[in-house]
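Novice: This is the structure I want to talk about, given as structure tokens.
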Amino acid sequence: MNPVVVSADMITPYGLGVNACWKGLLSGETAISPVTRFITTSFQSNVAGTISGMSYHGRESLVMQMLGSLFRAGGVVIPEDAKLVLATTKGEIDFLEMSVLHKTNDASKSAIRFLLDQVVELTGARGGGLVVSAACTSSAAAAARAAAMIRNGHADCVLVVACDSVTEFIYSGFSSLMALDKAPARPFDKSRAGLSVGEAAAFALLMSPERAAHEKRPVLGELAGWGLSDDANHMTGPSRESEGLILAITKALKSAGCTIDDIGVIAAHGTGTMYNDAMEMRAFRAVFKNSIRPVYSLKGGIGHTMGAAGLVEMIIALQALRKTLVPPTVNMREPDDDARGWVSSGPQPIARGTMALVTNAGFSGVNTALVIKS
Amino acid sequence: MNSITLKGIGWLTKEGYGCIRSGLRQRFEPGETAHMLLKKGIFSHPFKNFGRLDTLSRMTAYAVALALQDAGIEYMPGKKQDIGIIGTNSEGSLQSDLEYFEDYVNSGRTLSRGNLFIYTLPSSPVGESAIHFGLLGPLLYAAGEGNSLAPLLDNAVEMLLSGETPIVLVGTAEEHEGLYFVLDNASGPDRPLLCDIGVARTITDSDHDITAMVQKFSFVEAGKA
């Protein structure tokens, strides 16, 4: 009994809504732009994927402004008995910034447990809440946890919410690690030089097929399988052997009861760093035995949305399956040798009825793989 | 009815440290703290760059070492194991967040230290343990409403039932204390175990205090004799 996705939405640097992100990606234009939120002169880069119209260091945190856009507009019906799994890496870290810089807020309010309480209030999902944080795999891991609850019969309705924002705290950190590209990120490109930080919020409402049918909910797709692993290798660098991601993908395929022949497209993590993209291509080549699949990354379009990345990518992958179209990898001009033939700067068709593999990786060597079908 | 069981527990508090199944229970001498466990040879193999770790990562590593020892799971050099780890605490990475950002602000908002930034993720403490102990399974930080370990145990059970991994470490670590469980889903009447998950949940649901939980699990273990 695989969970089905009955409702999903997002806000990204392309704007509010899944369609805004989808259209932005298909346009091939990046939404990554110069940062105006804080001074970047000391940093390695000055660009990021930010959402316009938000107030920085105001009364409400950036992530709550994003989530407010998603849930306060109306039209989203979240059952009160839904369990909630919230994914984030840094949540309301702007509150801590305000505390240290201006003494105008309480740093302890930035703890992610506080955000969980607010998201319960905002969404009305009162069936029990859990916040999950697993670096840049956070929301993919959260989706996996929600799916496991439904598959094991411990829940029949789970709301997965994900969010992270671009702040000076995060930007300075990635800059200190020399992880930022001066230009907007160029995933899988021969001349890629790092990632661009991005921000987003997203949600997916998962239900058991029985409950979805009973409530006459439209089914957007199915979360058919998942696999989580760790490289157990290095805090910031991915494994040079890719064994962790290979393990996660292998587990996800097994969990979905499918084989590599069922996978028609791969939504990669594709951060744009030399090491991540090479690690992923090594894993894809190993698992798919060098049999080419279309691979794409969203991060040239919206930046690396950190804890929100996995869920945004899962929702866009569902859209890709429904539209039978692989979105382009924005900013990729000349594919690196190991990605040639797999990654494209233009949209490509997908065979109807195929499944998508969504991969993510993050600090501490964490890896996730989700298998979805429409 | 599932076959999820506890294979071992490692714990440490301000007063001492120990394991439940093995019966190890050691009080700190006056002036000693948990951070002297490194010198006591708690790790079976050298912990690379231990001095770089933040406090929560160190406490997590101590508790995980004791829990694995109690479960009879040995580190195998060069052979990583499919073991998951789910960790929690009361404040996430708040102290490391403050340490990183205050250092950055105090340096004039021009330079920041990557080695401090690494620990601003709530999942970094379990990440350090995964690297040291060679844990290849699922890894995440999780926290429910309140300070209960119950939602973590539920997630561990789901991981085991779903076949995501055969063994999961679940626990908490704070500045002065830590507690980690080893759960598995193996079957067989002769395998060593502490108690089933139902008993464990009863204890963790009724007490959130580590010393009280250790006491109750020790009674369970003693009752088997």
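Protein chains in written order, with my numbering: chain D, 130 to 503; chain V, 961 to 1185.
Note that the Cβ used here is the ideal one computed from N, Cα and C, for glycine as well.
Quick caveat: nothing in here was measured; it's all calculated off a predicted structure.
Based on the DSSP output, what are the partners of Arg985(V) in its beta bridges?
Specialist: According to DSSP, which records beta bridges pairwise, Arg985(V) is partnered with Gly978(V).
Novice: Which residues of the region 1070-1093 of chain V have a Cβ closer than 8 Å to any Cβ of chain D? Give them in chain order.
Specialist: Result list: Thr1070, Leu1071, Ser1072, Arg1073, Gly1074, Phe1077, Ile1078, Thr1080, Leu1081, Pro1082, Ser1083, Ser1084, Val1086, Gly1087, Glu1088, Ala1090, Ile1091 and Phe1093.
Novice: Just to check my reading of the structure: Arg321(D) and Met403(D) have Cβ atoms closer than 8 Å, yes? What is that Cβ distance to the nearest angstrom?
Specialist: About 7 Å; that satisfies the 8 Å criterion.
Novice: Can you pull the chain D neighbours of Gly1038(V), defined as C-beta to C-beta under 9 Å?
Specialist: The contacting residues do not exist; Gly1038(V) stays about 12 Å from chain D at best.
Novice: With respect to the beta strand (DSSP E) encompassing Lys212(D), which residues constitute its N-terminal and C-terminal limits?
Specialist: Counting along the chain, the beta strand (DSSP E) containing Lys212(D) begins and ends at Lys212 to Ala216.
Novice: Rounded to whole angstroms, what is the Cα-Cα separation between Met961(V) and Gly1158(V)?
Specialist: Low per-residue confidence applies at Met961(V): pLDDT is 46, beneath 50, and the placement is therefore not dependable enough to give any value.
Novice: Distance cutoff 8 Å, beta carbons only. Does Glu221(D) sit that close to anything in chain V?
Specialist: Not one chain V Cβ lies under 8 Å of Glu221(D).
Novice: Does the beta carbon of Met961(V) come closer than 8 Å to any beta carbon on chain D?
Specialist: In this prediction, Met961(V) scores a pLDDT of 46, lower than 50, which makes its location untrustworthy; the coordinate-derived value is nonetheless stated afterwards. Chain D, which has no Cβ nearer than 8 Å to the Cβ of Met961(V), makes this no.
Novice: Shorter than 8 Å from the beta carbon of Val1065(V) to some beta carbon of chain D?
Specialist: It does: the Cβ of Val1065(V) has a partner Cβ on chain D nearer than 8 Å.
Novice: Rounding to the nearest angstrom, what Cα-Cα distance links Ala446(D) and Ile501(D) in this structure?
Specialist: Taking the straight line from one Cα to the other gives about 8 Å.
Novice: Along the region 466-494 of chain D, what residues have a CB closer than 9 Å to any CB found in chain V?
Specialist: If the cut-off is 9 Å between Cβ atoms, the region 466-494 of chain D has Gly491, Phe492, Ser493 and Gly494 near chain V.
Novice: Can you check DSSP and say which residues form a bridge with Cys292(D)?
Specialist: Beta-bridge pairing links Cys292(D) to Ala330(D).
Novice: Hey, how far is the Cα of Ser473(D) from the Cα of Ile1163(V)?
Specialist: Each residue's alpha carbon lies about 55 Å from the other.
Novice: Would you call the region 1031-1042 of chain V and the region 1078-1098 of chain V in contact, with 3 or more CB pairs under 8 Å?
Specialist: With a cut-off of 8 Å, the region 1078-1098 of chain V and the region 1031-1042 of chain V count as touching, because enough Cβ pairs lie within range.
Novice: Of all the alpha helix (DSSP H) runs that stay within the bounds of the region 260-319 of chain D, which reach a length of 4 or more residues?
Specialist: You should have 267-280 and 297-305.
Novice: For the region 1014-1036 of chain V, which residues have a CB atom closer than 7 Å to at least one CB atom of chain D, in sequence order?
Specialist: Taking 7 Å as the Cβ-Cβ cut-off against chain D, none of the residues of the region 1014-1036 of chain V qualify.
Novice: Closer than 8 Å is the cut-off here; do at least three beta carbon pairs connect the region 1096-1113 of chain V with the region 1059-1075 of chain V?
Specialist: The region 1096-1113 of chain V vs the region 1059-1075 of chain V: no contact.
Novice: For a minimum of 4 consecutive residues, which ranges assigned as the alpha helix (DSSP H) are wholly contained in the region 341-429 of chain D?
Specialist: Whole alpha helix (DSSP H) segments, 4+ residues: 372-385 and 403-416.
Novice: Where do the ends of the alpha helix (DSSP H) carrying Ala438(D) lie?
Specialist: That run of the alpha helix (DSSP H) goes Ala438 to Lys452.
Novice: So Ala137(D) packs on Leu349(D), CB below 8 Å; how close in whole Å?
Specialist: Indeed they touch by this definition, with Cβ atoms about 6 Å apart.
Novice: Might you give, ordered along the chain, the residues of its own chain that have their beta carbon closer than 6 Å to the beta carbon of Arg536(D), omitting 5 neighbours on each side?
Specialist: Past the boundaries of the shown model lies residue 536(D); chain D is included only from 130 to 503, so the question cannot be answered.
Novice: Could you say which of Arg255(D), Gln448(D), Ile479(D) and Thr458(D) lies nearest to Ala149(D) if we only look at CA atoms?
Specialist: The shortest C-alpha separation from Ala149(D) is found at Gln448(D).
Novice: Quick check: Thr488(D) and Ile389(D), are their CB atoms within less than 8 Å of each other?
Specialist: No, these two residues do not count as a Cβ contact at 8 Å.
Novice: Which residues, in chain order, does the region 1098-1109 of chain V contribute to contact with chain D at a C-beta distance below 8 Å?
Specialist: Going along the region 1098-1109 of chain V in chain order, one finds Pro1098, Leu1099, Leu1100, Tyr1101, Ala1102, Ala1103, Gly1104 and Glu1105 with a Cβ nearer than 8 Å to chain D.
Novice: Does any C-beta atom of chain D lie closer than 8 Å to the C-beta of Asp1144(V)?
Specialist: It does not: the Cβ of Asp1144(V) has no partner Cβ on chain D nearer than 8 Å.
Novice: Which residues bound the alpha helix (DSSP H) around Lys152(D)?
Specialist: Where Lys152(D) is concerned, the enclosing alpha helix (DSSP H) stretches over Val147 to Ser156.
Novice: With DSSP as the reference, please indicate the residues paired to Ile1091(V) in a beta bridge.
Specialist: DSSP lists no partner for Ile1091(V).
Novice: Looking at the structure shown, is Tyr1060(V) part of a helix, part of a strand, or coil, going by DSSP?
Specialist: Tyr1060(V): helix per DSSP, three-state reduction.
Novice: Can you tell me where the alpha helix (DSSP H) with Ser503(D) in it begins and where it stops?
Specialist: Unbroken run through Ser503(D): none, as it is neither H nor E.
Novice: For a contact defined as C-beta to C-beta under 7 Å, what are the partners of Ala361(D) on chain V?
Specialist: Here the neighbours are Lys1040, Ala1090, Ile1091, Gly1094, Leu1095 and Leu1096.
Novice: Taking 8 Å as the threshold (C-beta atoms), are Gly354(D) and Leu396(D) in contact?
Specialist: For the record, residue 396(D) in the displayed sequence is Ala; it is not Leu. Cβ distance not < 8 Å, so Ala396(D) and Gly354(D) don't count as in contact.
Novice: Whole angstroms is fine: what's the gap from Ile161(D)'s alpha carbon to Leu427(D)'s?
Specialist: Cα-Cα distance, rounded: 11 Å.
Novice: Span of the alpha helix (DSSP H) holding Asp223(D)?
Specialist: Per DSSP, Asp223(D) belongs to the alpha helix (DSSP H) from Ile222 to His231.
Novice: What residues from chain V crowd round Phe224(D), counting only those whose CB sits closer than 9 Å?
Specialist: Under the 9 Å cutoff, chain V gives no residues; its nearest Cβ is about 10 Å from Phe224(D).
Novice: Looking only at its own chain, which residues have a Cβ that is under 8 Å from the Cβ of Gln986(V), when we skip the five neighbours before and after it?
Specialist: Gly976, Tyr977 and Gly978, listed in sequence order.
Novice: Does DSSP classify Ile1163(V) as helix, strand or coil?
Specialist: Correct three-state label for Ile1163(V): helix.
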